[in-house]
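Participant: Residue numbers for the sequence shown follow the working numbering, beginning at 35 and rising by one.
Below is the structure I would like to discuss, written out as structure tokens.
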Amino acid sequence: MTAAARPFYVPVGDEEQVFKAAFRQHLAVVLKGPTGCGKTRFVEAMAHDLDRALITVSCHDDLTTADLVGRFLLEGGETRWVDGPLTRAVREGAICYLDEVVEARQDTTVVIHPLADHRRQLPIERLGIVLDAAHRLTLPLPLAATAHQMFLQAAAAGHGGEDDSAVVKIFPGVELPGPAQRKE
Ligand SMILES: Nc1ncnc2c1ncn2[C@@H]1O[C@H](COP(=O)(O)OP(=O)(O)OP(=O)(O)O)[C@@H](O)[C@H]1O
Ligand SMILES: [Mg+2]
35 MTAAARPFYV PVGDEEQVFK AAFRQHLAVV LKGPTGCGKT RFVEAMAHDL DRALITVSCH
95 DDLTTADLVG RFLLEGGETR WVDGPLTRAV REGAICYLDE VVEARQDTTV VIHPLADHRR
155 QLPIERLGIV LDAAHRLTLP LPLAATAHQM FLQAAAAGHG GEDDSAVVKI FPGVELPGPA
215 QRKE
């Protein structure tokens, strides 16, 4: 397999160095410029150079926080949490390109603030958790992500208020002792 070619981008000034310096210091970057000036192409080239996945969100005024962060979906008889593009980017350490972010309403973009400032955190209100981007800038942790998914499943099944060990209740075929069988 050959590595994907670098998207063709000719620097105009020192924007490549500036972007890479911002990346190393975990800073968000705002790109401003008229249509066709190369913003999208630039980000594609940077994602290639920095070996990061690029997740693009086309923002518009109907965009909701759930569109960015994620939502519970009904599948068959079950509820399943599905990450939004912003959450996926945090988990995977990808570059999240919020195209036309100025079009998004303020009540939507408010979720970006704690992620883009020094806190580097993405609060997911519906799950009652905070994902910490600062700890994810190296490698994703598949084990932690799997455990996290299991706790979400348990919460969706209505065991959220119980002890952490209630996660076992989502395993099919595990017979748990009822209160009568429990020994003191
Ligand atoms: N610096 C550059 N180097 C190489 N190609 C460029 C450069 N700037 C612009 N282009 C060319 O212009 C085209 C349009 O650029 P691009 O889609 O990145 O613009 P944009 O700023 O994202 O525009 P929009 O605001 O409409 O999304 C690209 O497909 C590319 O062919
Ligand atoms: Mg563009």
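Heads up, the beta-carbon is just placed ideally off N, CA and C, and yes, glycines get one too.
Collect the residues with a C-beta less than 5 Å away from any heavy atom of ligand 1 and give them in sequence order along the chain.
Facilitator: The filter returns Y43, V44, T69, G70, C71, G72, K73, T74, R75, in chain order.
Participant: Rank E49, T69, M80, F53 by C-alpha distance to the C-alpha of R40 and give the top, closest one.
Facilitator: The candidate whose alpha carbon is nearest that of R40 is M80.
Participant: Where do the N-terminal and C-terminal ends of the alpha helix (DSSP H) with V77 fall, by residue?
Facilitator: Unbroken alpha helix (DSSP H) run through V77: 73 to 83.
Participant: Can you name the start and end residues of the alpha helix (DSSP H) that F53 belongs to?
Facilitator: Element bounds for F53: 49 to 58.
Participant: Are the CB atoms of L165 and I129 nearer to each other than 8 Å?
Facilitator: Cβ atoms of L165 and I129: not closer than 8 Å.
Participant: Considering only the alpha carbon of each residue, which of H152, V202, G110 lies closest to Q59?
Facilitator: The residue with the shortest Cα to Cα distance from Q59 is H152.
Participant: Is D133 near ligand 2, in the sense that its beta carbon is under 7 Å from a heavy atom of that ligand?
Facilitator: Yes.
Participant: With distance defined between alpha-carbon atoms, name the residue in A138, G194, Y131 nearest to G162.
Facilitator: When each option's Cα is compared against that of G162, the closest is G194.
Participant: Which whole runs of the alpha helix (DSSP H) in the segment 79 to 136 are 4 residues long or more, in chain order?
Facilitator: The qualifying runs are 99 to 103, 119 to 126.
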